[in-house]
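K.L.:
Going by my numbering, the sequence shown opens with residue 23, and the numbers climb by one from there. No residue lacks a Cβ here, since even glycine has one placed at the ideal position from N, Cα and C. Structure in structure tokens, see below.
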Amino acid sequence: MLAEFFIKRWQLTVVMFILLAVMGINALMNITRAVDPHFPIPVVNIIAVLPGADAQDMEETVAKPIEEVVQGLDDIVEVESTSTDGGTMINVEFSNWSGDVDGYFDDVVREVSAIRDQLPANLQRLEFVKVRTTEAAVVQLALVSENASWRRMEKYADDLSDNLTRYRGVRQTRIFGLPRPEVSIAINPARLSELKVPASAVADAVRQGGMELPGGAVQSGGRRLNVEAGGAFRDLDDIGRLPLRASDGTLLTVDDVAEVKWGSEEQIYRTRHNGKRAIFLTATQKDGVDVTRLKAQLDEEIEKHQALLPPDIELVEQFDQSRDVKRRLSELTRDFAVAIGLVIFTLLPLGPRASGIVMIS
């Protein structure tokens with residue numbers, strides 16, 4: 023009876039068929055494309071760093087207190103910690119995969135923050151990380167140079183990172199392989215001996231010059247102004263102008279006996295691209311973002327940045343997630359075409375009219 027209804031009203035049937043086809047094509051064109059599907063994962067990782075502590079100390083003073091407070095949350099399946107020298111990672115898994123994952127994350131942050139005063143005071147880092155399927159990088163870039171200073175490479179990497187982060191589909195950007203900058207004070211032994219200044223005097227001057235000391239308060243009318251002495255150095259000249267006193271009472275500065283310049287700490291690991299010195303920049307996507315469209319937007323920004331680079335620094339695209347997505351979609355299209363071809367080949371013996379009706383159905 024239903025078939026008779028649509029046969030007699032064939033105009034309505036054609037219109038409905040066209041609408042369904044248009045809706046299908048629209049869905050195909052606008053569906054989110056990514057290597058991994060997005061779905062909520064009820065897992066929270068807690069990362070704590072305490073330099074100088076061994077694995078047992080991390081377990082006793084950091085991991086156990088956090089485990090005890092987290093175990094009291096609802097829907098907990100497992101709490102597992104791994105402690106090493108100077109760090110620990112605690113994996114918290116909840117049972118309800120269809121539950122409020124953001125709520126679980128907030129619960130963990132709230133409970134751990136409530137016992138923060140019970141954890142070691144010199145805990146350098148306490149980080150909460152949501153586990154996401156979209157943490158894979160959309161693009162990874164390499165800034166390659168054999169002779170550019172780390173500070174120059176850092177500047178260009180930071181500029182590009184800031185520009186990429188402005189796009190709505192980018193969750194965050196990260197820079198890898200860049201050693202942390204530090205100030206190097208190279209003492210001239212000959213000058214120290216000539217001026218009879220001990221090396222410890224230079225160290226004491228730098229240490230005291232960087233301390234923040236309360237200088238009291240000044241009352242100005244109805245306003246009270248707090249005064250601070252010392253504090254963080256703003257540039258290298260501030261360090262070079264620190265006062266020293268020679269053995270004969272002459273007033274000197276650090277610049278008179280040492281060279282103050284930028285340096286970098288010893289690298290724990292080194293990053294290279296095709297054997298050349300490099301630093302890497304990665305960008306990750308937000309949930310529900312089409313990777314191919316986001317990558318097209320980022321390509322425009324990357325091309326603009328390449329034009330601003332000096333000749334001794336090269337920007338190379340090392341990884342592109344959209345290429346994998348396009349490759350997999352092309353494989354899917356090929357397999358679908360093969361399947362349609364096999365169906366047509368199988369139904370052809372029924373005759374063109376009969377096989378056409380079956381295939382359309």
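Under a Cβ-count criterion, where at least 16 other Cβ atoms within 10 Å of its own Cβ denotes burial, should residue 199 be classed as buried or exposed?
P.N.:
buried
K.L.:
Measuring CB atoms only, is the segment 41 to 56 touching the segment 106 to 122, in the sense that at least three cross pairs come out at less than 8 Å?
P.N.:
no
K.L.:
According to DSSP, simplified to helix, strand and coil, what is residue 347?
P.N.:
helix
K.L.:
Residue 342 and residue 60 - do their beta-carbons sit closer together than 8 Å?
P.N.:
no
K.L.:
Using CA coordinates, which residue listed in 283, 332 and 344 is at the minimum distance from residue 169?
P.N.:
If we check each option's Cα against that of residue 169, 332 comes out closest.
K.L.:
Could you compute how far the alpha carbon of residue 296 sits from the alpha carbon of residue 173?
P.N.:
22 Å
K.L.:
What is the residue span of the alpha helix (DSSP H) that residue 183 lies within?
P.N.:
172 to 187
K.L.:
For a minimum of 4 consecutive residues, which ranges assigned as the alpha helix (DSSP H) are wholly contained in the segment 295 to 349?
P.N.:
Segments of the alpha helix (DSSP H) lying fully in the segment 295 to 349: 313 to 330.
K.L.:
Relative to the C-alpha of residue 219, which residue among 368, 65 and 276 is closest?
P.N.:
Put simply, of 368, 65 and 276 the residue whose alpha carbon is nearest the alpha carbon of residue 219 is 276.
K.L.:
Contact defined as beta carbons within less than 8 Å: I believe residue 336 pairs with residue 171. What is the distance between those atoms, to the nearest angstrom?
P.N.:
That pair is no contact at about 15 Å.
K.L.:
Is it true that the CB of residue 209 sits closer than 8 Å to the CB of residue 268?
P.N.:
Not in contact: residue 268 and residue 209 (Cβ atoms no closer than 8 Å).
K.L.:
How big is the Cα-Cα spacing for residue 121 and residue 102?
P.N.:
21 Å
K.L.:
By the DSSP assignment, the beta strand (DSSP E) with residue 112 in it spans what residues?
P.N.:
109 to 116
K.L.:
Are residue 301 and residue 165 touching if we call contact CB-CB under 8 Å?
P.N.:
yes
K.L.:
Have a look at residue 272 and residue 257 and give me their C-alpha separation to the nearest angstrom.
P.N.:
Taking the straight line from one Cα to the other gives about 25 Å.
K.L.:
My guess is that residue 304 and residue 159 are in contact by the Cβ rule of under 8 Å, so how many angstroms apart are they, rounded?
P.N.:
4 Å
K.L.:
For a quick check, are the C-beta atoms of residue 108 and residue 85 less than 8 Å apart?
P.N.:
Contact: no.
K.L.:
Out of 365, 211 and 206, which has the shortest C-alpha to C-alpha gap to residue 228?
P.N.:
206
K.L.:
Go to residue 89, then tell me how far its alpha helix (DSSP H) extends in each direction, as first and last residue.
P.N.:
86 to 92
K.L.:
For the beta strand (DSSP E) holding residue 150, just list the boundary residues, first then last.
P.N.:
Under the DSSP assignment, residue 150 falls in the beta strand (DSSP E) whose first and last residues are 147 to 152.
K.L.:
With C-beta atoms as the reference, is residue 154 less than 8 Å away from residue 98?
P.N.:
no
K.L.:
Quick one: using the 10 Å Cβ neighbour count with 16 as the cut-off for buried, is residue 354 buried or exposed?
P.N.:
exposed
K.L.:
Using 10 angstroms around the beta-carbon of residue 129, count the other beta-carbons present and answer buried if the total reaches 16, otherwise exposed.
P.N.:
buried
K.L.:
Is DSSP giving residue 67 helix, strand or coil here?
P.N.:
Under the three-state reduction of DSSP output, residue 67 falls in the strand class.
K.L.:
Quick check: the Cα distance between residue 274 and residue 211, rounded to an integer number of angstroms?
P.N.:
The straight-line gap separating the alpha-carbon atoms of residue 274 and residue 211 is approximately 15 Å.
K.L.:
So, under 8 Å CB-CB, residue 146 and residue 72 are touching, yes? Tell me the CB distance rounded to an integer number of Å.
P.N.:
Sure, about 6 Å apart at Cβ, within 8 Å.
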